[in-house]
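What follows is a set of notes on a single structure, which appears directly below.
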Amino acid sequence: MSTVIRIGTSTCGQAAGAESVVSAVNAYVDRRQVPVTVQRTGCLGACHNEPLVEVTDNDVAVLYGPVSPERVSLVLDRHFGGGGGRWVDPSWILSRRPDHDDFPFLARQTKVTTRLCGVIDPMSLDDYLANGGYMALRDALRMPPEKVIAAVKDSRLRGRGGAGFSTGTKWEITRRQPASPKFLICNADEGDPGAFMNRTMIEGDPHRVLEGMLIAAWAIGASKGYLYVRAEYPLAVKALRNAIRQAAEYGVTGKNILGSGLDFEFVIKEGAGAFVCGEETALMHSIEGQRGTPSMRPPYPSVAGLWGYPTNINNVESFASIPSILLHGPAWFAALGTEQSGGTKAFALTGAVRASGLVEVPLGTPLRTLVEEIGGGCKSDRPVKAVQLGGPSGGCVPAELLDTRIDYEDLRRTGAIMGSGGMVVVDDTTCMVDFARYFLTFTQDESCGKCVPCRVGTRKMLGILTKICHGQGTHQDLERLTRLCETVRTGSLCGLGTTAPNPVLTTMRYFEREYVAHVDAGLCPAGICSMRPGTSTRAA
Amino acid sequence: MISLTLDGRAIQVQPGTNVLQAALSNGIHIPHLCHHPDLRPSGGCRLCMVEIGGRPNPAAACGLLAEEGMAVTTQSERLTEMRREIIDLFVSDHPLRCVTCDKNGVCALQRYAYDYGISETSFDFELSRTLYQDDNPMFVRDHQYCILCGRCTRVCDEIVGANAIEISGRGFVSHVATPFDWAMSDSTCVFCGNCVQVCPVAALMPRGRIGMGREWELEHVRTICGYCGVGCGIDYAAKDGKILYAQGFPEAVVNGEFLCVKGRFGWDFVGNPERLTRPLVRRDLAHRLGLIDDPFSLPEESVFTSRIGVENFVPVDWETAVDIVAGQLLGTVEAHGPDAVAGLTSARCTNEDNYLFQKLMRVGIGTNNIDHCARL
Amino acid sequence: MHRRVSANPIRRFNYQGDPLAEPAPADLMEILDRYRGQRDALITVLEEIQARYSFLPAKHLQYASRELGFPLAQVYGISTFYNVFKLTAPGRYQVRVCKGTACHVNRSSAMLDHLSEKLGIHEDETTADGLFTLQTVACMGACSLAPVMVINDQTYGRMTPDLSWEILSELVATERPRV
Numbered sequence: 150m151s152t153v154i155r156i157g158t159s160t161c162g163q164a165a166g167a168e169s170v171v172s173a174v175n176a177y178v179d180r181r182q183v184p185v186t187v188q189r190t191g192c193l194g195a196c197h198n199e200p201l202v203e204v205t206d207n208d209v210a211v212l213y214g215p216v217s218p219e220r221v222s223l224v225l226d227r228h229f230g231g232g233g234g235r236w237v238d239p240s241w242i243l244s245r246r247p248d249h250d251d252f253p254f255l256a257r258q259t260k261v262t263t264r265l266c267g268v269i270d271p272m273s274l275d276d277y278l279a280n281g282g283y284m285a286l287r288d289a290l291r292m293p294p295e296k297v298i299a300a301v302k303d304s305r306l307r308g309r310g311g312a313g314f315s316t317g318t319k320w321e322i323t324r325r326q327p328a329s330p331k332f333l334i335c336n337a338d339e340g341d342p343g344a345f346m347n348r349t350m351i352e353g354d355p356h357r358v359l360e361g362m363l364i365a366a367w368a369i370g371a372s373k374g375y376l377y378v379r380a381e382y383p384l385a386v387k388a389l390r391n392a393i394r395q396a397a398e399y400g401v402t403g404k405n406i407l408g409s410g411l412d413f414e415f416v417i418k419e420g421a422g423a424f425v426c427g428e429e430t431a432l433m434h435s436i437e438g439q440r441g442t443p444s445m446r447p448p449y450p451s452v453a454g455l456w457g458y459p460t461n462i463n464n465v466e467s468f469a470s471i472p473s474i475l476l477h478g479p480a481w482f483a484a485l486g487t488e489q490s491g492g493t494k495a496f497a498l499t500g501a502v503r504a505s506g507l508v509e510v511p512l513g514t515p516l517r518t519l520v521e522e523i524g525g526g527c528k529s530d531r532p533v534k535a536v537q538l539g540g541p542s543g544g545c546v547p548a549e550l551l552d553t554r555i556d557y558e559d560l561r562r563t564g565a566i567m568g569s570g571g572m573v574v575v576d577d578t579t580c581m582v583d584f585a586r587y588f589l590t591f592t593q594d595e596s597c598g599k600c601v602p603c604r605v606g607t608r609k610m611l612g613i614l615t616k617i618c619h620g621q622g623t624h625q626d627l628e629r630l631t632r633l634c635e636t637v638r639t640g641s642l643c644g645l646g647t648t649a650p651n652p653v654l655t656t657m658r659y660f661e662r663e664y665v666a667h668v669d670a671g672l673c674p675a676g677i678c679s680m681r682p683g684t685s686t687r688a689a
Numbered sequence: 022m023i024s025l026t027l028d029g030r031a032i033q034v035q036p037g038t039n040v041l042q043a044a045l046s047n048g049i050h051i052p053h054l055c056h057h058p059d060l061r062p063s064g065g066c067r068l069c070m071v072e073i074g075g076r077p078n079p080a081a082a083c084g085l086l087a088e089e090g091m092a093v094t095t096q097s098e099r100l101t102e103m104r105r106e107i108i109d110l111f112v113s114d115h116p117l118r119c120v121t122c123d124k125n126g127v128c129a130l131q132r133y134a135y136d137y138g139i140s141e142t143s144f145d146f147e148l149s150r151t152l153y154q155d156d157n158p159m160f161v162r163d164h165q166y167c168i169l170c171g172r173c174t175r176v177c178d179e180i181v182g183a184n185a186i187e188i189s190g191r192g193f194v195s196h197v198a199t200p201f202d203w204a205m206s207d208s209t210c211v212f213c214g215n216c217v218q219v220c221p222v223a224a225l226m227p228r229g230r231i232g233m234g235r236e237w238e239l240e241h242v243r244t245i246c247g248y249c250g251v252g253c254g255i256d257y258a259a260k261d262g263k264i265l266y267a268q269g270f271p272e273a274v275v276n277g278e279f280l281c282v283k284g285r286f287g288w289d290f291v292g293n294p295e296r297l298t299r300p301l302v303r304r305d306l307a308h309r310l311g312l313i314d315d316p317f318s319l320p321e322e323s324v325f326t327s328r329i330g331v332e333n334f335v336p337v338d339w340e341t342a343v344d345i346v347a348g349q350l351l352g353t354v355e356a357h358g359p360d361a362v363a364g365l366t367s368a369r370c371t372n373e374d375n376y377l378f379q380k381l382m383r384v385g386i387g388t389n390n391i392d393h394c395a396r397l
Numbered sequence: 214m215h216r217r218v219s220a221n222p223i224r225r226f227n228y229q230g231d232p233l234a235e236p237a238p239a240d241l242m243e244i245l246d247r248y249r250g251q252r253d254a255l256i257t258v259l260e261e262i263q264a265r266y267s268f269l270p271a272k273h274l275q276y277a278s279r280e281l282g283f284p285l286a287q288v289y290g291i292s293t294f295y296n297v298f299k300l301t302a303p304g305r306y307q308v309r310v311c312k313g314t315a316c317h318v319n320r321s322s323a324m325l326d327h328l329s330e331k332l333g334i335h336e337d338e339t340t341a342d343g344l345f346t347l348q349t350v351a352c353m354g355a356c357s358l359a360p361v362m363v364i365n366d367q368t369y370g371r372m373t374p375d376l377s378w379e380i381l382s383e384l385v386a387t388e389r390p391r392v
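Chains as they are written, first to last, in my numbering: chain A, 150 to 689; chain B, 22 to 397; chain C, 214 to 392.
Shown next, in the form of structure tokens:
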């Protein structure tokens, strides 16, 4: 086996300067005439150490990071001689083993959907095929669709967009609809600020998503699949376009796929920047070329979706889980998780944590494992104050509850939600009132304006929070805020509105003292809020 | 038929009926602003939320299909509290100037604010839209009263098909707009005014109605539109004998609430001083028939105010006029045969009038020379 | 009475001829022709128009409406709904500061304030010389490198207020060479 140099060039890698690292590596290889393959891969997940460079040679694999262009020749000299054995900072070496078991950030993870991210070249179909690609599809196409659905149901896979509805059941409902044609939508409109699971998966291993969709198409009887990708993800779109073209050449899209009689085509739809389009009915309106406002359910998309036809919408991660379920069997997948939900869940671990990046763990893992073992605690060495899950729709779990298992029901009990996988760790320099206000600013900005509780209610919530942050809040305001949260939660038309109060409700529940300090003493315990009207809250 | 209970009352409805329609048609009023029976449900106002037995959260009745055995509660403490909050939110972005508002008395938001005892908002009042558009002679759009229920955009899209307006922008600052906020006359608007008809508040008002009187002072007269053969029902609202505006009414068999531009705005001829109110006979003929002595003297009171040639006509009573016409017709038939006479009637006449006219021509005169402008 | 009809005379409709009498520019027609008859294509068409012209010119929206048969009101409603679409020409460099959670926690707002002060413009404004448009973006998905700034398609991670201005200063230097 020849030597391969892998460089992570996802959006996160590029933001850290991976392109100049690639140039530096190529220059080095040209200069030294070393027989190596330089491979651009997706993201291994260890974004905090970007740019990542991995040198694999026979059974040796050394992972370096962060590697700036200046460090390239130092690092590569270790493998190809020369340079007189100059000193390489040991902290740059993240792992010396092919399975990365000596790298705590990766060692504690169980990678299923992101197994090949950062390992293969996302632009290469051969890489995917060499790693078992499209094997699951071959298996599925030999099974009757009902059996595929049964397998997905047995795997206890639940919607990874955050709602947690059984994926197999959803497929079954769509399959049972008499209307035809049926549509498939892959929701990659990852709008939560602080979330990048879908981006990493698509940029790192696009074929896996396509394979998952093709299996779903077979199971449901769908003929057309839309991939609705966020506008801010140009690299993901590029990877998908390439993958779809390759899939067509390989014969897994188009007419009579692999002789099964299944006809299926992919269409990429780029979103145009609206958070509400993550909501399924709004997303469908957006695909139809309308304003992306939600509509009432029922009818659910499974019954009457795109242009009134049965439509199955799943998240990227749900689709990416499908090939593994069929390859390794539903029992294997179910056993990974908890009693109610099988498999793994990817999280975008960010914020004050030391090691941030994309993390995939089995469901049922305690939050503490992610924050402390994988994330390595706060980089400020200060105590963790809370973990915010699910972005603007989610809630804060306080440090006391870090032993909560990652599971749909367990998390809901804390007032937070599983969400799509955004996980922001904050230390005690964060003001929770300001934090709640931040999320409300976002939701208020992204409210589509169709229903009143969300359009006006979130604005009033934001107004009250701003008053509190400016030291003008009263106890009546707190009481008013609580009541308003209830109205917005129960009264809103779609998920954006009904979940908008979550950041406020959870911070009020767990950090009430901070709210009271703002109101009573005119003090921001974390020292973040300016406590003066008309000033920017974050007086950096 | 589907059986369900509404506030404990057993009712039966057709399959496909939503809970709001089921309630309204059974005399149970559930508050609603964005719902209109002729438009697709929107679900934006959130006032029609009801509780369903066995479900944890309330649901909007307008988007909820009636199901067998469903137990619906339309009034409860929780729902009242929620509706109060929602109305409170509405009026935090809607001036409560009901005292001088032309919609006073027929405004849906006012009605619910009254029902739920909301006299002012408990939130900070903040107007999101302040535009005042009076760029056309038909209607005025005053954005500060708009509650974004979307009825106007839906009627324009679903019923009229003009697609002149759409909600533009997003969230709190969104507003109903023509493309690029152009004047209505530069858009594809056909000025049918059905948006004015369905507006539940004072955001869209007929121009001629503004400042002309309060709703309860107006007299309503229902009639059939005389413009064409469709026979739309129109309700004229008048004060002191002067029409202020025309509107459709849901009971109208042919058109429901919807009218065209002529029916809704084309009534100003009614009070026009130049309108003919009495039969007139040409002066030379009147002299020949001995109705006047002096063919050159002017009448004491002029029937016209401005038209040139006033002096060429003499006002007569109806009996005289009919006698003259009948006499002239008979004379022509006797002298030249019935086919020397032809009749042309108008779409402005009722169907019954037109029927009688052709009868007159065929039986009375004895000719088939009859035609009608609407035939073209 | 409070709401008199204003004294403005009603604008008489003055027919000025067909505003779209000129044929659409060839490069616009090329985009429109590719999507003719596709009812799900409107947003994609607008995205392509914006990619080509860097914003959505009003006239081009009118052409798109006429050629593809979408009501102009719908086209306008969509153009104003989505964040991506801009109806005015942006600067040569679109500077977008990420407002995502991770960036917020890492004080991206300080960077925004700093750039706003240095450039002398507010959010969504363009400098007088047409060089820079300052915008914010909900999240770029590069949260591990927070705070993040994006200039056109280039992402810059681990920013500080000073560092961000340094990058912009370099652009200024290349664009406005000292005489």
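Backbone N, C-alpha and C define an ideal beta-carbon position, used for all residues, glycine too.
Roughly how many angstroms separate the alpha carbons of residue i and residue j, rounded to a whole number?
i        : j        : result
Ala271/C : Val258/C : 14 Å
Asp392/B : Gly247/B : 18 Å
His57/B  : Val219/B : 8 Å
Glu233/C : Phe283/C : Residue identity differs from the one stated: residue 233/C is Leu in this sequence, not Glu. C-alpha separation (whole angstroms): 15 Å.
Gly333/C : Tyr306/C : 15 Å
Pro479/A : Pro184/A : 43 Å
Asp303/A : Ile364/A : 16 Å
Spell out whether any CB of chain C is found under 7 Å from the CB atom of residue i.
i        : result
Ile188/B : yes
Thr326/B : Interpretation of Thr326/B is limited by its pLDDT of 49, a score under 50 that renders its predicted location unreliable; the figure taken from the coordinates is listed afterwards. It does not; no Cβ of chain C falls within 7 Å.
Ser505/A : yes
Arg191/B : yes
Glu509/A : no
Sort the options by Cα distance to residue i and report the nearest one.
i        : options                                : result
Ala423/A : Cys634/A, Val153/A, Leu645/A           : Leu645/A
Pro374/C : Tyr276/C, Asp366/C, Cys311/C           : Cys311/C
Val297/A : Gly427/A, Ser473/A, Pro541/A, Met272/A : Ser473/A
Gly408/A : Asp288/A, Gly543/A, Val261/A, Gly486/A : Asp288/A
Gly232/B : Ile186/B, Cys122/B, Asn39/B, Val197/B  : Cys122/B
Arg61/B  : Cys173/B, Tyr133/B, Glu141/B           : Cys173/B
Arg369/B : Val302/B, Val274/B, Gly385/B, Gly252/B : Gly252/B
What is the C-beta distance between residue i and residue j, in whole angstroms, given that I count them as a contact (C-beta under 8 Å)?
i        : j        : result
Pro303/C : Thr339/C : 6 Å
Ala675/A : Thr578/A : 6 Å
Comparing the C-beta of residue i with each C-beta of chain A, is any distance below 7 Å?
i        : result
Met372/C : no
Phe268/C : no
Leu255/C : yes
Can you name the start and end residues of the beta strand (DSSP E) that residue i belongs to?
i        : result
His393/B : 391-393
Cys545/A : 544-547
Leu538/A : 533-538
Gly500/A : 493-500
Ser24/B  : 23-27
Taking the alpha helix (DSSP H) that residue i belongs to, which residues open and close that run?
i        : result
Asp256/B : Here Asp256/B belongs to no alpha helix (DSSP H); instead the beta strand (DSSP E) covers 254-260.
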